[in-house]
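Novice:
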Amino acid sequence: MIKIIVDCFGGDHCPEAPVEGALAALSANPDLYVILTGDEAILGQALEGKTYDTSRLEIVHAPEVIGCDEKPTDVVRLKRNSSMMKAIILLRDRDDIAAMVSTGSTGALVTGALVRLGRIPGVIRPAFCPILPTMDGGIVGICDSGANVEVTSAHLRQFAIMASLYLENVYGVRKPRTALLNVGKEAEKGDDVRRETYALLRQTPSVNFVGNMESRDLLSGSYDVVVADGFSGNVLVKTTEGTALELLKKLKKEIFCRTIYKLGALLMKKMFADMKAFMNYQNYGGSVLLGTSKVVVKGHGSSKAVAVEKCIEQAYRMEVSGLSAKIESEIAQYEHYED
Numbered sequence: 059m060i061k062i063i064v065d066c067f068g069g070d071h072c073p074e075a076p077v078e079g080a081l082a083a084l085s086a087n088p089d090l091y092v093i094l095t096g097d098e099a100i101l102g103q104a105l106e107g108k109t110y111d112t113s114r115l116e117i118v119h120a121p122e123v124i125g126c127d128e129k130p131t132d133v134v135r136l137k138r139n140s141s142m143m144k145a146i147i148l149l150r151d152r153d154d155i156a157a158m159v160s161t162g163s164t165g166a167l168v169t170g171a172l173v174r175l176g177r178i179p180g181v182i183r184p185a186f187c188p189i190l191p192t193m194d195g196g197i198v199g200i201c202d203s204g205a206n207v208e209v210t211s212a213h214l215r216q217f218a219i220m221a222s223l224y225l226e227n228v229y230g231v232r233k234p235r236t237a238l239l240n241v242g243k244e245a246e247k248g249d250d251v252r253r254e255t256y257a258l259l260r261q262t263p264s265v266n267f268v269g270n271m272e273s274r275d276l277l278s279g280s281y282d283v284v285v286a287d288g289f290s291g292n293v294l295v296k297t298t299e300g301t302a303l304e305l306l307k308k309l310k311k312e313i314f315c316r317t318i319y320k321l322g323a324l325l326m327k328k329m330f331a332d333m334k335a336f337m338n339y340q341n342y343g344g345s346v347l348l349g350t351s352k353v354v355v356k357g358h359g360s361s362k363a364v365a366v367e368k369c370i371e372q373a374y375r376m377e378v379s380g381l382s383a384k385i386e387s388e389i390a391q392y393e394h395y396e397d
């Protein structure tokens with residue numbers, strides 16, 4: 059039985075989305091056990107009338123909620139009874155719990171995971187790795203996307219190693235084509251960190267390094283992993299998601315402005331529905347925090363039930379694949395760098 063904790067408060071659609079997502083995941087995975095953290099009375103109300111296997115679901119009372127504007131270090135020290143911190147502490151203290159999922163404050167989650175959980179031996183800094191769809195029907199992982207604003211070439215090499223193992227072991231991508239986000243494709247492009255990283259990745263046999271990537275090529279299907287500092291990676295992911303959503307709005311507006319367009323849209327209704335599903339980030343889960351001692355998945359703050367279910371599936375698959383042990387083994391093959 060694989061046990062996963064779900065932090066049920068902190069996101070825009072809590073607790074309904076986490077509860078419904080957890081029940082859907084339970085239904086799909088008979089060897090899954092879910093622990094919900096949050097206000098027990100409110101969670102009990104959210105579960106009323108729902109059908110589920112009561113022997114595989116547990117509620118842990120955690121009455122406090124973390125606001126997105128709260129200082130992460132204060133949260134870790136002072137809000138041990140919050141749904142997020144209670145989940146992190148249980149994950150640390152109980153060997154039978156494999157992973158956690160949260161749609162709450164990113165800063166609090168990263169700080170709590172680092173302080174309370176710690177890192178996989180050899181990992182300098184954990185990094186977020188969200189998944190986006192590509193135009194050829196594949197996926198691409200972006201690592202890092204927000205956990206580390208300032209990085210060194212040593213950090214970026216570890217991001218490449220961890221993300222490559224993640225795509226290969228969890229998504230079955232053989233020898234993931236790994237690129238470095240840069241301002242140009244030429245080897246000499248970018249600042250000192252990017253040039254040093256380029257040279258390091260060329261000397262890393264476990265990474266299928268294919269060179270630099272410009273941001274416009276993210277969804278081209280030419281890459282499986284893109285390595286970046288947390289600032290650039292976050293901007294890249296949010297810009298891409300935002301552009302996709304705005305294009306869909308524009309398309310819908312244009313269709314409804316003329317009758318002939320509406321008639322054409324009726325004939326292409328399925329195609330438009332497929333395109334909407336393809337471009338909807340809710341269908342691709344959350345950002346896994348690679349490098350922590352236990353599995354942590356961060357869902358988008360606006361995650362609905364389907365997104366939470368996908369996050370739980372990500373955590374489940376990471377545990378089944380034994381990814382953490384593989385990251386530790388691979389990192390150990392390279393010299394250790396000082397943070």
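The sequence shown begins at 59 in the working numbering and counts up one residue at a time.
We put the beta carbon where it would ideally sit given N, CA and C, even for glycine.
Sort 113, 115, 135 and 142 by Cα distance to residue 124 and report the nearest one.
Specialist: 142
Novice: Just the Cα atoms here: how many angstroms apart are residue 397 and residue 309?
Specialist: A caution first: residue 397 carries a pLDDT of 44, below 50, which makes its placement in the model unreliable, though a value can still be read off. About 47 Å.
Novice: Given residue 149, which residues of its chain have a CB within under 7 Å of its CB, disregarding the five upstream and five downstream residues?
Specialist: 63, 155, 158, 175 and 352
Novice: Hey, residue 273 and residue 194: beta-carbon distance below 9 Å or not?
Specialist: No, these two residues do not count as a Cβ contact at 9 Å.
Novice: Helix, strand or coil for residue 362? Go by DSSP, reduced to three states.
Specialist: coil
Novice: Taking the straight line between their C-alpha atoms, what separation do you get for residue 81 and residue 75?
Specialist: Using only the alpha carbons, I get a separation of about 10 Å.
Novice: Closer than 8 Å: is that where the CB of residue 315 sits relative to any heavy atom of the ligand HEM?
Specialist: No copy of the ligand HEM appears in this structure; indeed no ligand is present at all.
Novice: Straight-line CA distance for residue 281 to residue 198?
Specialist: If I take the Cα positions, the gap works out to 6 Å.
Novice: Does the pairing of the stretch 77 to 96 with the stretch 360 to 372 give three or more beta-carbon distances under 8 Å?
Specialist: Flag = yes, the stretch 77 to 96 and the stretch 360 to 372 touch.
Novice: How far does the beta strand (DSSP E) with residue 93 in it extend, from its first residue to its last?
Specialist: 90 to 96
Novice: So which of 208, 77, 119 and 115 has the shortest CA-CA distance to residue 95?
Specialist: 119
Novice: Spell out the partners DSSP gives residue 177 in its beta bridges.
Specialist: 350
Novice: Taking 9 Å as the cut-off, decide whether the C-beta atoms of residue 380 and residue 177 are in contact.
Specialist: no
Novice: Between the stretch 180 to 196 and the stretch 386 to 393, can you find at least three pairs of beta-carbon atoms closer than 8 Å?
Specialist: yes
Novice: If you measure between the beta carbons of residue 265 and residue 219, is that distance less than 9 Å?
Specialist: yes
Novice: Verify whether the separation of the beta carbon atoms of residue 211 and residue 255 is less than 9 Å.
Specialist: yes
Novice: Assign residue 318 to one of two classes, buried (16 or more other C-beta atoms within 10 Å of its C-beta) or exposed (fewer than that).
Specialist: exposed
Novice: Roughly how far, in whole angstroms, is the beta-carbon of residue 376 from the beta-carbon of residue 346, given that I think they are within contact range, below 8 Å?
Specialist: 7 Å
Novice: Run the CB neighbour count on residue 134, radius 10 Å, all protein chains shown included, and call it buried at 16 or more, exposed below.
Specialist: buried
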